[in-house]
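Each remark here refers to the structure printed beneath this line.
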Amino acid sequence: LVFLFYSITLLAERWLRHHQRIPQVVGKRQRFWGYSTALNGILGGFSLMMLSFLDTFNHPTAHWCFTFTFMIFIAISSFSQVAEVFFLHKEYPDRAHLKRNALLKFSIVSISAVLGVVFGSLYMTCGGKSTTWRGNLLLSASAICEWSVAFLLTFYFLTFTLDFWPAAKTSSRFKGQIESRFLQESKNSDNFDTKLALEKGVVPSELDQADLPPQKQLAVI
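Residues in the sequence shown are numbered from 1320 upward in steps of one, following the numbering used here.
Below, the structure is given as structure tokens:
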């Protein structure tokens, strides 16, 4: 399910940028980083799906191969996403959320990358075995790093919510609400001006008279 929803999220982001619902890519660099984000993200999600099927007890070699490929592809996809948002901020300097999102993503990805390297180093050092006290300590430390990366990955996925947030303001429903509110405020303003004119004893024009309710027309006559 993570692979499915993550792939849909990446493709949805491409679609929203293409239709200008969120800041659109305007250069080759942004397009390159965007495609890199989607392609490597989908490959990383596929690796995650495979390592969940191939458990570490029955298929240890395949499981850890897909684990490391998952970490590599997701790291490349994440850094590509950071680069894309960073270059988009240069094209749209008035969109403050782009810089904020880029810094947030960069912080999460950088910490995750460091923890991933530490995890790989510790696991390879102990050989994945806890036969000795030192091996057990290294394996436990590598497990802490692995689960920390998984925890941070959840926050990285949540950053896409911030990327999609501007799309809500470009939806037809949101535009309809804005137009309806504007028309209502304009109507209230016209009614206030008419009421003020009546209180001052100014007779409105025939056009204004037609717009008034019957009791107001009689009051003027």
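A virtual CB, placed ideally from N, CA and C, is assigned to each residue, including glycine.
Values in this document were obtained by computation on a predicted structure and should not be read as measured data.
Note that the C-beta distance between V1436 and A1421 is not below 8 Å. Contact between K1424 and T1478 holds, with the beta-carbon distance rounding to 5 Å and staying under 8 Å. Closest by C-alpha distance to V1428, out of L1471, Y1442, E1410, is L1471. Taking G1446 as reference, the option from V1404, W1383, W1466 with the minimal CA-CA separation is W1383. With a threshold of 16 other beta carbon atoms within 10 Å, L1458 meets it and is buried. Rounded to whole angstroms, the separation of the alpha carbons of L1456 and F1483 is 42 Å.
F1476 places its beta carbon less than 8 Å from that of Y1325.
Boundaries of the alpha helix (DSSP H) around L1423: 1415–1445. When the alpha-carbon of T1444 is set against those of A1460, E1403, F1385, the nearest one is in A1460. F1376 and T1388 have their alpha carbons spaced roughly 19 Å apart. With contacts defined by Cβ atoms closer than 8 Å, A1486 and I1341 form a contacting pair. The beta carbons of E1403 and T1356 sit closer together than 8 Å. With fewer than 16 neighbouring CB atoms inside 10 Å of its own CB, V1321 falls in the exposed class. G1363: member of the alpha helix (DSSP H) spanning 1347–1372, first to last residue. Pairing Q1349 with I1361, the inter-Cα distance amounts to about 18 Å. DSSP, read as helix, strand or coil, puts P1485 in helix. Under the DSSP assignment, T1451 falls outside any alpha helix (DSSP H); it carries neither an H nor an E label.
Here P1379 carries a helix assignment [DSSP, helix/strand/coil].
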